[in-house]
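Asks: Here the sequence shown is numbered in the numbering used here, starting from 2 and rising by one per residue.
Heads up, the beta-carbon is just placed ideally off N, CA and C, and yes, glycines get one too.
Can you keep this structure in mind? I'll have questions shortly.
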Amino acid sequence: MQRKFIVAAIAVAVFGLNGCESHQAKVDALQKEYDQLASQFHQDCSAEYLTIPPTVSQKCTEEDKKVKEAWQRLQAEHAKQ
2 MQRKFIVAAI
12 AVAVFGLNGC
22 ESHQAKVDAL
32 QKEYDQLASQ
42 FHQDCSAEYL
52 TIPPTVSQKC
62 TEEDKKVKEA
72 WQRLQAEHAK
82 Q
């Protein structure tokens, strides 16, 4: 009886840790996606924001939207912890 309890407790712990690892893997993937999009946006669009008055192309507007959406997905996943 006690042996079954120990086996069950170990199984629960393993599955619980596995869930944490998959959550962290998802956070890492979202962080990587955000970093890549933000870097691309910075390369493509930083000069447009330095002009006076700022003139932003459609491409940069779309890239900015993608960066913001990636940030929101990352923050939502962090909130699940």
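When DSSP labels each residue in this structure, what does Q37 get in the three-state scheme?
Replies: Q37 falls in the helix class under three-state DSSP.
Asks: For a test of the three-state rule: what should DSSP assign to S23, helix, strand or coil?
Replies: In the structure shown, S23 sits in a helix (DSSP, three-state: H, G or I).
Asks: With a 10 Å radius around its C-beta and 16 neighbouring C-beta atoms as the bar for buried, classify R50 as buried or exposed.
Replies: According to the sequence shown, residue 50 is Tyr rather than Arg. When all chains shown are included, Y50 counts as exposed.
Asks: Which stretch, first to last residue, makes up the alpha helix (DSSP H) that contains K67?
Replies: Segment 59–80, the alpha helix (DSSP H) holding K67.
Asks: Note down the Cα distance separating D29 from H43, rounded to an integer number of angstroms.
Replies: When rounded, the distance between both Cα atoms is 21 Å.
Asks: Just the Cα atoms here: how many angstroms apart are F6 and Q25?
Replies: Unreliable positioning characterises F6 in this predicted model, as indicated by a pLDDT of 43, which lies under 50. A coordinate reading is not provided.
Asks: Buried or exposed, going by whether 16 or more other CB atoms sit within 10 Å of the CB of E63?
Replies: Flag for E63 reads exposed.
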